[in-house]
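Visitor:
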Amino acid sequence: MSIENRSASRAEARRRARLAARGEPSEPVTAEPEPESRSTRGGFLNRLFPPAPPLPNRPDPLAGFTGSGPLRPITMRLYLLRRNPLAWLLPGILAFVGFLASFSYSRGILGLVGTFILFGALIGAGWFGWQRPTLFGIAAALVGFFVAATIVLISFAQRGATPDTFGGPAGVIGPLILQGVYQSALGFLGGWYGGYLRRRQTQLSAEQRPRQRRR
102 MSIENRSASR AEARRRARLA ARGEPSEPVT AEPEPESRST RGGFLNRLFP
152 PAPPLPNRPD PLAGFTGSGP LRPITMRLYL LRRNPLAWLL PGILAFVGFL
202 ASFSYSRGIL GLVGTFILFG ALIGAGWFGW QRPTLFGIAA ALVGFFVAAT
252 IVLISFAQRG ATPDTFGGPA GVIGPLILQG VYQSALGFLG GWYGGYLRRR
302 QTQLSAEQRP RQRRR
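Heads up: the sequence shown at position 158 corresponds to 259 in our numbering, and the numbers run straight through without jumps.
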């Protein structure tokens, strides 16, 4: 060991002895991190509708939201939907057109076009509702489904059809629930993909700006 190292070791030993004499710890005490609360970790809703990374030059989507309490995850998502209604209502109308076309013309070219319109509308909901793309996708899908289902049920009722025509109430409610779940799944996938495309496009645009400046 060199003379400098021995001197440094002695100085460190003297420093620790002085700290011990004063009753102070020789090393800084680091506070143990507190376990994350359930609201920070996120519950079922946060796993189902995960927040998207913030986009540059975009305001905080939750600015002005002051909700708290056990219902905060629900009120927060309702706040996002209420703050940006066009991002899911307009795609919901397009989804209704696509769903009705795919339902009414399932064996023709119009049915295929309707399917493309339906899924394109759900992707658009995720694109414009980038704050929670899957949430906006599901909301748009349910809007389209509820409007289409209402029109179909009214049409059957005007023709004299009753629940007994389909084997009782269960014969009507069961297929509607299954179709609603199916449309929600489409909304989840379409919204997620739309949000991914939005973030990818933003990332590519940010990478191209420095190259254009160098030119």
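Think of the CB as a built atom: it goes at the ideal place given N, C-alpha and C, for glycine as much as any other residue.
1) Looking only at its own chain, which residues have a Cβ that is under 6 Å from the Cβ of Phe204, when we skip the five neighbours before and after it?
2) Taking the alpha helix (DSSP H) that Leu321 falls in, what are its first and last residues?
3) Which of the three DSSP states, helix, strand or coil, is assigned to Pro327?
4) Between Tyr297 and Ser110, what straight-line distance do the alpha-carbon atoms span, to the nearest angstrom?
5) Please say whether Phe237 and Leu219 have beta carbons closer to each other than 9 Å?
6) Among the candidates Ile224, Ala240, Gly209, Phe257, whose CA atom is the shortest distance from the CA of Gly185?
7) Is any heavy atom in the ligand PLP found nearer than 8 Å to the beta carbon of Val214?
8) Go through its chain and collect everything with a Cβ distance to Ala211's Cβ below 6 Å, but skip five positions before and after it.
9) Using DSSP with H/G/I as helix, E/B as strand and the rest coil, what is Phe289?
10) Does DSSP classify Gly296 as helix, strand or coil?
11) Are there 16 or more other CB atoms within 10 angstroms of the CB of Ala327, so buried, or fewer, so exposed?
12) Just verifying my parser: in three-state terms, what is the DSSP assignment at Val198?
13) Would you mind giving the Cβ-Cβ distance between Tyr294 and Ile194, rounded to the nearest angstrom? I have them listed as a contact below 8 Å.
14) Grouping DSSP H, G and I as helix and E and B as strand, with all else coil, what is Tyr180?
15) Which stretch, first to last residue, makes up the alpha helix (DSSP H) that contains Phe267?
16) Which residue comes first and which comes last in the alpha helix (DSSP H) that contains Ala242?
17) To the nearest angstrom, how far is it from the Cα of Gly170 to the Cα of Arg233?
Guide: Taking the geometry as given:
1) Taking the first residue of the sequence shown as position 1, residue 204 is located at position 103. Nothing listed; no residue qualifies.
2) The displayed coordinates of the chain run from 102 to 316. Any statement about residue 321 would go beyond what the structure contains.
3) A query on residue 327 cannot be resolved here, the shown segment of the chain reaching from 102 to 316 and no further.
4) For the purposes of this step, residue 297 is identified with residue 196 of the sequence shown, where counting begins at 1. For the purposes of this step, residue 110 is identified with residue 9 of the sequence shown, where counting begins at 1. The alpha-carbon atoms of Tyr297 and Ser110 are separated by roughly 56 Å.
5) Counting from 1 along the sequence shown, the entry for residue 219 is found at position 118. Counting from 1 along the sequence shown, the entry for residue 237 is found at position 136. Result no, Cβ atoms of Leu219 and Phe237 do not sit closer than 9 Å.
6) The residue labelled residue 185 in the question sits at position 84 within the sequence shown. The sequence given here has Asn at residue 185, not Gly. Checked all of Ile224, Ala240, Gly209, Phe257; the closest Cα to Asn185 is Ala240.
7) Among the components of this structure there are no ligands whatsoever, and the ligand PLP is therefore not found.
8) In the sequence shown, counting from the first residue as 1, residue 211 sits at position 110. The identity of residue 211 in the sequence shown is Leu, whereas the question assumes Ala. For Leu211, where only same-chain residues beyond five positions count, the Cβ hits under 6 Å are Ala202.
9) Along the sequence shown, one-based indexing puts residue 289 at 188. Three-state DSSP puts Phe289 in a helix.
10) Sequence index remark: in the sequence shown, residue 296 carries index 195 (1-based). Correct three-state label for Gly296: helix.
11) The structure shown does not extend to residue 327, since the chain is modelled only from 102 through 316, so no value can be given for it.
12) As a working note, residue 198 is residue 97 in the sequence shown. Helix.
13) In the sequence shown, the residue the question calls residue 294 occupies position 193. In the sequence shown, the residue the question calls residue 194 occupies position 93. The Cβ separation is near 20 Å, so there is no contact.
14) The residue labelled residue 180 in the question sits at position 79 within the sequence shown. Three-state DSSP puts Tyr180 in a helix.
15) Residue 267 sits at position 166 when you count from the first residue of the sequence shown. Careful: Phe267 lies outside any alpha helix (DSSP H) and carries neither H nor E.
16) Here the question's residue 242 lines up with position 141 in the sequence shown. Start and end: 234 to 259.
17) In the sequence shown, counting from the first residue as 1, residue 170 sits at position 69. In the sequence shown, counting from the first residue as 1, residue 233 sits at position 132. Gly170 and Arg233: Cα-Cα distance of roughly 21 Å.
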